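For reference, the structure is listed below as structure tokens.
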Amino acid sequence: MKTDIEIAQETKMDCIVKIAKQLGLEEEDLELYGKYKAKISPVVWEKVKDNPDGKLILVTAINPTPAGEGKSTTTVGLGDALRQIGKKSCICLREPSLGPVFGIKGGAAGGGYAQVIPMEDINLHFTGDMHAITAANNLLSASIDNHIHQGNSLQIDVRKILWKRAVDMNDRALRNIVVGLGGKANGVPREDSFQISVASEIMAILCLSTDLMDLKRRIGNIIIGYDIHNKPVRAKQLKVEGAITLLLKDAIKPNLVQTLENTPAFIHGGPFANIAHGCNSIMATKYALKLSDYVVTEAGFGADLGAEKFFDIKCRYGNLKPDGVVLVATIRALKMHGGCCKTSLDKENLESLEKGLANLEKQIENIEKYGIPVVVAINVFLSDTQNEIAMVEEKCNQLGVEVAPCEVWEKGGKGGVELANKVVKMIEQNSSEFKVLYDEKRPIKEKIEIITKEIYGGEGVEYSNKAEKAIKELEENQLADLPVCMAKTQYSLSDDPSKLGRPTGFKINVKDVRVSAGAGFIVVYTGDIMTMPGLPKIPSAEKIDIDKNGKIVGLF
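Going by our numbering, 65 is the number at position 62 of the sequence shown; the sequence numbering is gapless.
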């Protein structure tokens, strides 16, 4: 089998102007970045805002395992498959972060014969959005330290600065640093830290903004820390929200590319799903809904993280109503959830599979709590046996849920035709009765408990002294009436990554609670969640290279 990059490099791409015409857009509606990439001009919204919305399909998954699930691949393949059965479809994905590209996880543009291209550009610098977000984040950091150095008229408490610097790379050495060393001319010494750019609140704000002025308003509302009287200090008090917005004036415009089969694809924004809301931008999704009949999008990690945040944060702020959900599972991952070790996944193991199906069952229940119909997609591997596939199909039938094999990694859109037909049938026969899980005006602890019990299946929540104090401060400062964004391990329904399948009897341990007032949500930190990953012993960077002709090798 050829590598992803070999498949992508051998594919003949259509000019992006031709791709745009599938959506009813003309060249003047585009801001071209070469022949195969473009941003959508802001004037397009005025042309299309009165168009009827297409159908919105979310692709999510069971809890991920090292065996892989293929959520992004399924998203791309389903978009291609819908087009093959005569539907006007479009795909919406997040932009990959450079950190995982050179680390271990890889990109986020699909795989095999279900990819978005040009994959080298998408996984590297693309249209510069990540760099703009990094620069915007660090302009705010520089402004904070400059304000303190120049006299600190806002009386910012240097011990209570929340805003972190950012870089789009995995670099554990930057997790905890000291700035301002070297004498009075270099600022005030204080402890600081870096986070990866996709964990920045600027990224979350970009993806939740509805236009440029909404972006500016949200940036101004960022709470950078507290003053000596324990009152929040916002970015607008530093008078830099306009300059920060200026750095993002192009980054806010959705990016248009294509799949291997020339299906239009918007790739825009990329917040992490275990520490942010894990969805592409509201703007890209809304453009896609106005320009196509079926929009296929994804949310990071399993349904307990990505889908929950898609529904309770993105749909809430974007006034979106999903029409259907595709829940991706693999036989291999389900066997791992049932106790099978990674080295034995290629062997038939019905006992482990049966136990692991509890995770699939719980994620189906989670989606149904939102009133949305669901189809299960079995992402097929060569090692899957007929007995194993039949067991998954029987379980779905018992639960009253449609199920379809998905072979888009190997066959492209053709491998997803059965899934596409079932998705269309599901949407036509079942009207979505979408509702969010909770009222954002409930007390913070109530919102956390609802998610813990309803989505994770836990029996309660335990709070550290630090978290208790943080919640009290947020309530005292009238910052509690926001949806919550749970920062939790993706590998388990609990906050313990070793508890696979469908654990019961556990409690969620909340270590800290912070507000992202610009993005508009409260981040709840559980377990051991880091905002700056590190590189593995043998990072992907060691395998990636470029030859004298400019050809990239080793990029997946």
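C-beta atoms are modelled at their ideal positions from N, C-alpha and C, and glycine is treated no differently.
Computed from a predicted model, the values in this text were never measured in an experiment.
DSSP three-state assignment for residue i, whether helix, strand or coil
i: L330; result: strand
i: A267; result: It should be noted that the sequence gives Pro, not Ala, for residue 267. Three-state result, P267: strand.
i: A591; result: One cannot answer for residue 591 here, as it falls past the ends of the chain, which runs 4 to 559.
i: T346; result: helix
i: D442; result: coil
i: R517; result: strand
i: S92; result: strand
i: V383; result: coil
i: F197; result: strand
i: E410; result: coil
i: P235; result: strand
i: F559; result: coil
i: F437; result: coil
i: C318; result: helix
i: G415; result: helix
i: K15; result: coil
i: A302; result: strand
i: E98; result: coil
i: E405; result: strand
i: Y459; result: helix
i: D484; result: coil
i: E9; result: helix
i: G228; result: strand
i: R162; result: strand
Outcome for residue i when other beta-carbon atoms lying within 10 angstroms are tallied against a minimum of 16
i: S501; result: exposed
i: R86; result: buried
i: A139; result: buried
i: S386; result: exposed
i: V181; result: exposed
i: K256; result: buried
i: I43; result: buried
i: A188; result: exposed
i: M4; result: exposed
i: S434; result: exposed
i: S200; result: buried
i: D550; result: exposed
i: L184; result: exposed
i: D498; result: buried
i: M216; result: exposed
i: G416; result: buried
i: I541; result: exposed
i: V236; result: buried
i: G245; result: exposed
i: A145; result: exposed
i: S156; result: exposed
CB-CB length for residue i against residue j, believed under 8 Å
i: G557; j: I547; result: 4 Å
i: I454; j: L477; result: So it is not a contact: roughly 17 Å between Cβ atoms.
i: V404; j: A473; result: That belief does not hold up - the Cβ atoms of V404 and A473 are roughly 39 Å apart, past 8 Å.
i: L292; j: G57; result: 5 Å
i: V411; j: T77; result: 6 Å
i: L218; j: S284; result: About 10 Å; that fails the 8 Å criterion.
i: K575; j: V378; result: In the structure displayed, the chain extends from 4 to 559; residue 575 sits before or after that span and is not available.
i: L337; j: L353; result: Not a contact, Cβ separation roughly 11 Å.
i: D174; j: M535; result: 7 Å
i: I430; j: G327; result: 5 Å
i: A207; j: A279; result: 5 Å
i: S196; j: K167; result: 5 Å
i: N362; j: I65; result: 5 Å
i: V427; j: K52; result: Their Cβ separation, rounded to whole angstroms, is 26 Å, which puts V427 and K52 out of contact at 8 Å.
i: I231; j: T248; result: Not confirmed; about 29 Å, so no contact.
i: E301; j: K74; result: 6 Å
i: I367; j: L402; result: 6 Å
Which residues DSSP lists as bridging residue i, in chain order
i: V46; result: According to DSSP, V46 bridges with nothing at all.
i: T63; result: L330
i: L259; result: A41, F269
i: T78; result: Answer by DSSP bridge pairing: none, since T78 is not bridged.
i: L33; result: I43
i: G113; result: Q118
i: Y290; result: None; Y290 has no bridge partner.
i: A490; result: Y528
i: R168; result: F197
i: C282; result: A302
Any non-hydrogen atom of the ligand FMN closer than 7 Å to residue i Cβ
i: I541; result: This structure simply doesn't include the ligand FMN, nor any ligand for that matter.
Notebook entry, point to check: Is the region 87-100 close to the region 122-129, with three or more CB pairs under 8 Å?
Noted result: yes
Check: On the three-pair Cβ rule with 8 Å, is the region 347-355 touching the region 384-398?
Finding: yes
Next item on the list: Check whether the region 492-509 touches the region 459-474, taking contact to mean three or more Cβ pairs, one atom from each stretch, closer than 8 Å.
Entry: yes
Note to self: Three or more C-beta pairs under 8 Å: does that hold for the region 6-23 against the region 252-267?
What the structure shows: yes
Next item on the list: Give a yes or no on contact between the region 324-344 and the region 110-121, applying the rule of three or more CB pairs nearer than 8 Å.
Entry: no
Note to self: Under 8 Å: do the region 60-77 and the region 287-302 share three or more Cβ pairs, one atom per stretch?
What the structure shows: yes
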